[in-house]
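Read the structure below first, then the notes.
There are 2 protein chains.
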Amino acid sequence: MSDSQKFPVAAHALAYLAHKDAMSADRAVASGELAASMPTNPVVVRRVTAMLAKAGLIATRAGAGGGAWLLKNPQEIRLDTVLRAVNGCAHLGAPPPGVKGCPVGERIPDAVRAAITAADAAAAERLSLISVADLLVDPQAAGKAA
Amino acid sequence: MSDSQKFPVAAHALAYLAHKDAMSADRAVASGELAASMPTNPVVVRRVTAMLAKAGLIATRAGAGGGAWLLKNPQEIRLDTVLRAVNGCAHLGAPPPGVKGCPVGERIPDAVRAAITAADAAAAERLSLISVADLLVDPQAAGKAA
DNA sequence: AGAAACTGTATCGGTATCAGTTACGTATGG
DNA sequence: CCATACGTAACTGATACCGATACAGTTTCT
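Just so you know, the protein sequences line up as chains Z and A, in that order. For the first sequence, the working numbering assigns the number 1 to the initial residue and increments by one for each residue that follows. For the second sequence, the working numbering assigns the number 1001 to the initial residue and increments by one for each residue that follows.
Dropping the structure here:
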């Protein structure tokens, strides 16, 4: 999998909630409002917020006046957590299975897989340096965060 | 774009060429042989080797006895170069365009884009520590390379 | 109680991408 | 001349995604 917009949508939604100070049920933001700021469809937003809720980053409530709000401070929500919450990864592809019997054909896929895993971990580690709060201060802050 | 197998195929092909000591035209390896070691289709291999040739990593020659061979030593071919040669990237998705007029809705996409770019760069940097030669020594070497 | 707002989820259609295959023109070597 | 092999185009089937509609269940307000 992966040219998914889930991660960008999730990051945007969390930043929006942080900006709106949605830290409790009485300040919940509806999916329609979040969707309007992307812009995208409210259903797309709800598909993502449902995953974020399962990951414990936000809470949601149905019914009039319902919506989503943050369960943690924006400074404490790291983007690698967000990425994992929406099942995203820095997918570079999976190695082909390799061929039995050929000693080199058998081992290369494992080595390639190890390289991909290492790159994936490096991307996640970089994202762990960025918090949702960093997304609000200025467009360059996220890239500079260290 | 991007759950592509291009990067794994490219890495596998280069490692195979290195293993076969294909360092000159007279040791060229045909796409059929490369494909057989993945296994995949020869055309899939040629689509990738054509890109690697354009990037100057290998050379290819048509006709009987033709095929692909390396233009650089396996130790000198870094995996980030390979990834760029096949137009791959650690795709985490692209931010939605954002909404004009809303100050927060306008800036968040830029911040998200900066975060994604940073993660992508981190993945590439990690790959730059791994050479094609590292893929041959042992399956874990690639992950350990530093 | 009834209306209105909102979530979560199922489903469907349209679009895009990819792997694999076949086919063809071109180039190379015997 | 002919077999070999690359590069590329075209087609197919599979897969994934976004967006939209629909609906059941939940919550608030009057």
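All residues carry an ideal CB built from backbone N, CA and C; glycine is no exception. Please read these numbers as outputs of a predicted model, since none were measured by experiment.
Which whole-angstrom value is the C-beta distance of residue i and residue j, which I expect to be below 8 Å?
i	j	result
A:Val1009	A:Val1045	7 Å
A:Gln1140	Z:Ala114	6 Å
A:Ala1142	Z:Ala133	About 36 Å; that fails the 8 Å criterion.
A:Asp1080	A:Leu1127	4 Å
Z:Ala122	A:Ala1085	Not really, about 19 Å apart at Cβ, beyond 8 Å.
Z:Ser4	Z:Gly88	6 Å
Give a yes or no on whether 8 Å exceeds the smallest Cβ distance from residue i to chain Z.
i	result
A:Gln1140	yes
A:Met1038	yes
A:Gly1105	yes
A:Thr1117	yes
A:Lys1006	yes
A:Glu1125	yes
A:Asp1003	yes
A:Pro1095	yes
A:Val1169	It is not possible to answer for residue 1169 of chain A, since the shown part of chain A is limited to 1001 through 1146.
A:Ile1130	yes
A:Leu1079	yes
A:Leu1135	yes
Should residue i be flagged as near chain A, meaning a C-beta pair shorter than 8 Å?
i	result
Z:Gly67	no
Z:Gly101	no
Z:Val43	no
Z:Ser31	no
Z:Ile108	yes
Z:Arg84	no
Z:Val112	yes
Z:Asp120	yes
Z:Gly56	no
Z:Ala22	no
Quick one: what's got a C-beta closer than 7 Å to residue i's C-beta in the same chain, skipping five residues either side?
i	result
A:Met1023	Trp1069 and Leu1070
A:Ala1053	Ala1059 and Thr1060
A:Lys1072	Leu1057
Z:Ala18	Leu70, Pro74, Val132, Ala133 and Leu136
Z:Pro97	Pro109
With burial defined as no fewer than 16 other Cβ atoms inside 10 Å of the residue's Cβ, what is the status of residue i: buried or exposed?
i	result
A:Gln1075	exposed
A:Ala1119	buried
Z:Val137	exposed
Z:Lys6	buried
A:Pro1148	There is no way to answer for residue 1148 of chain A, as the model of chain A reaches only from 1001 to 1146.
Z:Pro95	buried
Z:Gly32	exposed
Z:Gly93	buried
A:Val1048	buried
Going by beta carbon distance, what residues of the same chain come within less than 8 Å of residue i, once the five residues before and after it are set aside?
i	result
A:Ala1148	An answer regarding residue 1148 of chain A cannot be provided, because it is not within the stretch 1001 to 1146 covered by chain A.
Z:Ser37	His12 and Tyr16
Z:Val99	Gly105 and Glu106
Z:Lys20	Arg27 and Val29
A:Asn1041	Ala1035
Z:Ala25	Ala59, Arg61 and Trp69
A:Glu1125	Asp1080
Quiz prompt | Three CB pairs or more closer than 8 Å across the region 49-69 of chain Z and the region 92-106 of chain Z | solution = No: the two stretches stay apart, fewer than three of their Cβ pairs being nearer than 8 Å.
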